[in-house]
Amino acid sequence: MKILAIESSCDETAAAVVEDGKTVLSNVINTQIELHKEFGGVVPEVASRKHIENISGVVDKALDDAKMTLEDVDAVAVTYGPGLVGALLVGVSTAKALSFAAKKPLIPVHHIKGHICANYIEHPDFKPPFICLVASGGHSHIVYVKDFAEYKVLAKTNDDAAGEAFDKVSRVLGLGYPGGPAIQEYAKKGNPEAISFPRVNMGEDGFDFSFSGVKTAVINYIHNAEQKNIEINKADVAASFQKAVTDVLSNHLIECAKKYNVERIALAGGVAANKPLRDCCEELAKKHKLEFVCPSLKLCTDNAAMIGCAAYFEWQNGKTADMTLNAIANLPLE
Ligand code: KG4
Ligand code: ZN
Numbered sequence: 014m015k016i017l018a019i020e021s022s023c024d025e026t027a028a029a030v031v032e033d034g035k036t037v038l039s040n041v042i043n044t045q046i047e048l049h050k051e052f053g054g055v056v057p058e059v060a061s062r063k064h065i066e067n068i069s070g071v072v073d074k075a076l077d078d079a080k081m082t083l084e085d086v087d088a089v090a091v092t093y094g095p096g097l098v099g100a101l102l103v104g105v106s107t108a109k110a111l112s113f114a115a116k117k118p119l120i121p122v123h124h125i126k127g128h129i130c131a132n133y134i135e136h137p138d139f140k141p142p143f144i145c146l147v148a149s150g151g152h153s154h155i156v157y158v159k160d161f162a163e164y165k166v167l168a169k170t171n172d173d174a175a176g177e178a179f180d181k182v183s184r185v186l187g188l189g190y191p192g193g194p195a196i197q198e199y200a201k202k203g204n205p206e207a208i209s210f211p212r213v214n215m216g217e218d219g220f221d222f223s224f225s226g227v228k229t230a231v232i233n234y235i236h237n238a239e240q241k242n243i244e245i246n247k248a249d250v251a252a253s254f255q256k257a258v259t260d261v262l263s264n265h266l267i268e269c270a271k272k273y274n275v276e277r278i279a280l281a282g283g284v285a286a287n288k289p290l291r292d293c294c295e296e297l298a299k300k301h302k303l304e305f306v307c308p309s310l311k312l313c314t315d316n317a318a319m320i321g322c323a324a325y326f327e328w329q330n331g332k333t334a335d336m337t338l339n340a341i342a343n344l345p346l347e
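For the sequence shown, the tail end lands on 347 under my numbering, and the numbers increase by one without skipping.
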């Protein structure tokens, strides 16, 4: 089953052809990062307009790279939420048009399911049940993946997403956008134990996240120093902030794995590209005798190969859409 998949939920215009959910025949990503850098974050209206300019070329390249035409694919899949509604609409409209014109089934895909399924592409033997931490610019979830198309959210954030906190703290430190890679790089010169930033546990089991407190603590730390004319060590701030966030993410993931008695854990989403987080989870997994996987860096951040993979399992579960499919900005996972 060859699926042409489209992703446009944020600032990457992406298309891919994926065979049987795990073999990536092409994976084209046109990122708008440079465009949004000067604003310090994604500007939704600018993103939507750029998606419109990019989408046809990106889809054509994905088919070309896979040495195929639209006739050769068996279905068209698309991210229909969650995300920026104007950005999502570009992908959804394109996928609907292609599916209608070529008379191919249309498969709607939840963006977070896509991130989780990215793990199957490079680890084809990895399979549910497992628990996955999905941390990106828009989401911080711990998800119990019971089966290939069966998901249960165990924890989520009460305010900022982890990636959002990285982006905001990076802006305050003057390190630019996107904040995750900038902070990771800068933190290498700093001491992660230098400043004790808060680690917050929320919800009944303490598995939920809250990252606005740590973000505010960093901002207060910087403002206090400024008022007292004390020079701060920015690398120590970056390293201590990163440590606070990655400690919480990895600890909650392991606690959930213990509570639900699973043997496997995984990472997904843009923040899963963070090296200290990957290393910490790997170490904890070893200690607790859990199998641990995470996607390569290219498959952590937004891409369409992960959508093609998730689409295959959604299709097997009987999920298709008709021409009434719409973009849903806050689409729930379950
Ligand atoms: O999954 P993604 O590409 O888009 C969303 O669905 O949001 O994630 C983007 C987010 C940004 O907030 C970015 O700062 C963060 O992932 N990110 C990282 C790293 N690389 C990207 N955060 C921490 N460390 C990284 N190395
Ligand atoms: Zn994403």
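For glycine and all other residues, C-beta sits at the position ideal for the given N, C-alpha and C. The model shown is predicted, which means the values in this text are computed figures rather than measured ones.
Counted within 10 angstroms of its Cβ, other Cβ atoms place residue i as buried (16 or more) or exposed
i: Lys-63; result: buried
i: Glu-25; result: buried
i: Gly-176; result: buried
i: Lys-256; result: buried
i: Glu-20; result: buried
i: Asp-315; result: buried
i: Ala-305; result: Going by the sequence as given, residue 305 is Phe instead of Ala. So Phe-305 ends up on the buried side.
i: Asp-173; result: buried
i: Thr-92; result: buried
i: Lys-109; result: buried
i: Thr-337; result: exposed
i: Gly-127; result: buried
i: Pro-211; result: exposed
i: Asp-160; result: exposed
i: Asn-233; result: exposed
i: Asp-180; result: buried
i: Phe-113; result: exposed
i: Gly-192; result: buried
i: Asn-67; result: buried
i: Ser-69; result: exposed
i: His-152; result: buried
i: Pro-95; result: buried
Backbone secondary structure at residue i - three-state DSSP
i: Gly-192; result: helix
i: His-154; result: strand
i: Tyr-273; result: coil
i: Ala-131; result: helix
i: Thr-259; result: helix
i: Phe-179; result: helix
i: Phe-254; result: helix
i: Ser-22; result: coil
i: Ala-32; result: The residue you asked about is not Ala; residue 32 is Glu in the sequence shown. Glu-32: strand per DSSP, three-state reduction.
i: Val-306; result: strand
i: Asp-249; result: helix
i: Ala-279; result: strand
i: Leu-344; result: coil
i: Ile-16; result: strand
i: Asp-160; result: strand
i: Ala-298; result: helix
i: Ala-27; result: strand
First and last residue of the uninterrupted beta strand (DSSP E) at residue i
i: Pro-121; result: 119-123
i: Phe-113; result: Phe-113 -> not in any beta strand (DSSP E); alpha helix (DSSP H) instead, spanning 98-115.
i: Val-89; result: 88-94
i: Leu-83; result: Looking at the DSSP string, Leu-83 is not in any beta strand (DSSP E), and its letter there is neither H nor E.
i: Ile-42; result: 36-44
i: Lys-302; result: Segment: none, Lys-302 is in no beta strand (DSSP E) and carries neither H nor E.
i: Ala-168; result: 163-169
Proximity test, residue i beta-carbon vs the ligand ZN heavy atom, cut-off 7 Å
i: Cys-23; result: yes
Distance cut-off 7 Å: residue i Cβ against heavy atoms of the ligand KG4
i: Glu-20; result: no
i: Ala-270; result: no
i: His-128; result: yes
i: Glu-177; result: yes
i: Pro-194; result: yes
i: Asp-173; result: no
i: Val-197; result: Inspection of the sequence shows that residue 197 is occupied by Gln rather than by Val. Yes.
i: Gly-282; result: yes
i: Asn-43; result: no
i: Ala-131; result: no
i: Asn-287; result: yes
i: Pro-191; result: yes
i: Asp-180; result: yes
i: Gly-94; result: no
i: Gly-151; result: yes
Range of the contiguous alpha helix (DSSP H) that encloses residue i
i: Gly-70; result: 57-78
i: Lys-311; result: 310-313
i: Ala-324; result: 318-329
i: Ile-245; result: Note, Ile-245: premise wrong, no alpha helix (DSSP H); not H, not E.
i: Asn-237; result: 225-240
i: Ala-148; result: Per DSSP, Ala-148 belongs to no alpha helix (DSSP H); it is in the beta strand (DSSP E), 143-148.
For review: beta carbons within less than 5 Å of any heavy atom in the ligand ZN: Result: Ser-149 and Asp-315.
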